[in-house]
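As you go down the protein sequences, you meet chains D and Z in turn.
In this text, residue positions in the first sequence follow this note's numbering: the first is 18, and each later residue adds one.
In this text, residue positions in the second sequence follow this note's numbering: the first is 212, and each later residue adds one.
Report on one structure; see the data block that follows.
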Amino acid sequence: GEDVEQSLFLSVREGDSSVINCTYTDSSSTYLYWYKQEPGAGLQLLTYIFSNMDMKQDQRLTVLLNKKDKHLSLRIADTQTGDSAIYFCAPTTGGGNKLTFGTGTQLKVEL
Amino acid sequence: DTAVSQTPKYLVTQMGNDKSIKCEQNLGHDTMYWYKQDSKKFLKIMFSYNNKELIINETVPNRFSPKSPDKAHLNLHINSLELGDSAVYFCASSQDAGGGQPQHFGDGTRLSIL
């Protein structure tokens, strides 16, 4: 099955850029999603990218995809304290809409 | 006007009991899902239904039985609850089961087994 890995923690200062990385193993992943989870809450869809693209920008968010290396990243520009949360990478597997979630990266934004 | 709503939000019960969690979506979606998030925040899919038909059934103990009475509802019944069932259970829905249809999540049901 698909393995999806993320680093567990990232700490940045307010106003800096954050880059959260994700590696996956299933080369047939067609869509790759990023979700945000705040404490005690559900998962909020942030953005996603189709596998034939290598970059997608959505306001402060930039997604980069290196399909050859099976590496996905999420860049958050001008990181704010409200961005503190767990971020999950979730590629589709098996050709349909089944998601395999990464281990999650806890982002802490310091003043 | 919550899009995906789950009840109850919290469930505390004893080992060996049987309990149900309900999920409803008002997005007009065809596909619904159940996920389990453990204490380390690891999220794994359990089941998916498309238009009331089971399409994903991961390796889950058969004490867990999903039921979809209609497209807008997906319930999860758990028999003979065990300590390891303590987790947060998330319901989600998407337009259909094809790729590229983002999944929208509920706020979760926090199940604690005593």
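C-beta atoms are modelled at their ideal positions from N, C-alpha and C, and glycine is treated no differently.
Asked                                                                                                                                                                : Found
Out of D:S90, D:L91, D:G121, D:W51, point me to the one whose CA is closest to G311 of chain Z's CA.                                                                 : D:W51
Taking the Cβ atom as the reference point for each residue, do A303 of chain Z and G319 of chain Z lie within a distance shorter than 8 Å?                           : no
Checking contacts by CB at 8 Å: is P313 of chain Z closer than that to chain B?                                                                                      : Among the protein chains in the structure shown, which are D and Z, there is no chain B.
Could you tell me whether any Cβ in chain D is nearer than 8 Å to the Cβ of I324 of chain Z?                                                                         : no
With DSSP as the reference, identify every bridge partner of Q123 of chain D, one or two as the case may be.                                                         : D:F26, D:I103
How would you call D71 of chain D, buried or exposed, if buried means at least 16 neighbouring beta carbons within 10 angstroms?                                     : exposed
Taking P313 of chain Z and Y65 of chain D to be in contact with their CB atoms under 8 Å, please state how far apart those CB atoms are, rounded to whole angstroms. : 6 Å
Can you tell me whether L82 of chain D is buried or exposed? The criterion is at least 16 other CB atoms within 10 Å of its CB, across all chains shown.             : buried
Quick one: give me the first and last residue of the beta strand (DSSP E) that R92 of chain D is part of.                                                            : 88 to 93
Is the Cβ-Cβ distance between A107 of chain D and T120 of chain D less than 8 Å?                                                                                     : no
Can you have a look at E98 of chain D and say buried or exposed, based on whether 16 or more other CB atoms are within 10 angstroms of its CB?                       : For clarity, residue 98 of chain D is Thr in the given sequence; the question names Glu instead. Flag for T98 of chain D reads exposed.
Alpha carbons only, please: which of D:V21, D:V29, D:F26 is nearest the one belonging to S46 of chain D?                                                             : D:V21
Please tell me whether G99 of chain D has its Cβ less than 8 Å away from any Cβ of chain Z.                                                                          : no
Step through the CB atoms of chain Z and report whether any lies within less than 8 Å of the CB of I66 of chain D.                                                   : no
What residues of chain Z sit near G112 of chain D, judged by a beta carbon separation below 8 Å?                                                                     : G310
Would you mind giving the Cβ-Cβ distance between I103 of chain D and S35 of chain D, rounded to the nearest angstrom? I have them listed as a contact below 8 Å.     : The pair is not a contact, with the Cβ atoms about 13 Å apart (cut-off 8 Å).
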